[in-house]
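First residue of the sequence shown? That's 1 in my numbering, and the numbers climb one at a time after it.
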Amino acid sequence: MVKGVAHIGIAVNDLASSTKLFRTLLNARVEHEEEVPSQKVRTAMIKAGGDTFELLAAMDSESAISKFIEKRGEGIHHVAIEVEDIVAELDRLRSTGVVLVDEIPRLGAEHCLVAFLHPKSTNGVLIELVQKIPDVEEKE
Ligand code: CMX
Numbered sequence: 001m002v003k004g005v006a007h008i009g010i011a012v013n014d015l016a017s018s019t020k021l022f023r024t025l026l027n028a029r030v031e032h033e034e035e036v037p038s039q040k041v042r043t044a045m046i047k048a049g050g051d052t053f054e055l056l057a058a059m060d061s062e063s064a065i066s067k068f069i070e071k072r073g074e075g076i077h078h079v080a081i082e083v084e085d086i087v088a089e090l091d092r093l094r095s096t097g098v099v100l101v102d103e104i105p106r107l108g109a110e111h112c113l114v115a116f117l118h119p120k121s122t123n124g125v126l127i128e129l130v131q132k133i134p135d136v137e138e139k140e
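The following block contains the structure:
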């Protein structure tokens, strides 16, 4: 089941200056900052009202964000959709012919399970499916 938009991802050259800009634009604070080495990105989540913007900066030239900015410049990089069961959604979408970038969900920012759909099969929009993993409280 699709729950709604989790966040809008924006590719930026400089995370610090863009974070400052978006904090001013949205009059909001940064909720979360994280490095995702597996994706070679640094992220900052800024929440405004009920919506979240994820600023993404490349950690090196091999990052998908570097390649995106080189080709298209800074701007909207992906739309993340929150789903209840990411494996079921991937199965459903695969069966309709949508091309999956990630056949198997992987760990993304904020300890969520994530999987991307290829923009060539989704009207040129990179879509990320996100499933939140409930916090597990450690018991002594
Ligand atoms: N939105 C729309 N189109 C995109 C795109 C994006 N974000 N990124 C790439 N494309 C387009 C390219 O412009 C290119 O189009 P043309 O063939 O018309 O030139 C096409 O997709 C292929 O792009 P490519 O650079 O040759 O690269 P790949 O096919 O190898 O990979 C993609 C493209 C989207 C699958 C890859 O960038 C990817 O896996 N992205 C998901 C991972 C990611 O973005 N991680 C960073 C986010 C981290 C996080 O939030 O967890």
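Beta carbons: idealized from backbone N, C-alpha and C, even for Gly.
Between GLY50 and ALA80, the alpha-carbon positions lie close to 14 Å from each other.
Shown here, THR43 sits in a strand according to DSSP, grouped into three states. Judged by DSSP in its simplified three-state form, GLU84 adopts coil rather than helix or strand. Checking the DSSP bridge columns, you'll see ASP51 partnered with ALA48. Looking at LEU26, ALA44, THR19, VAL12, the one whose alpha-carbon comes closest to that of ALA109 is ALA44. Using a Cβ-Cβ distance cut-off of 8 Å, the segment 59 to 77 and the segment 95 to 102 are not in contact, since fewer than three pairs of beta carbons, one from each stretch, lie closer than that value.
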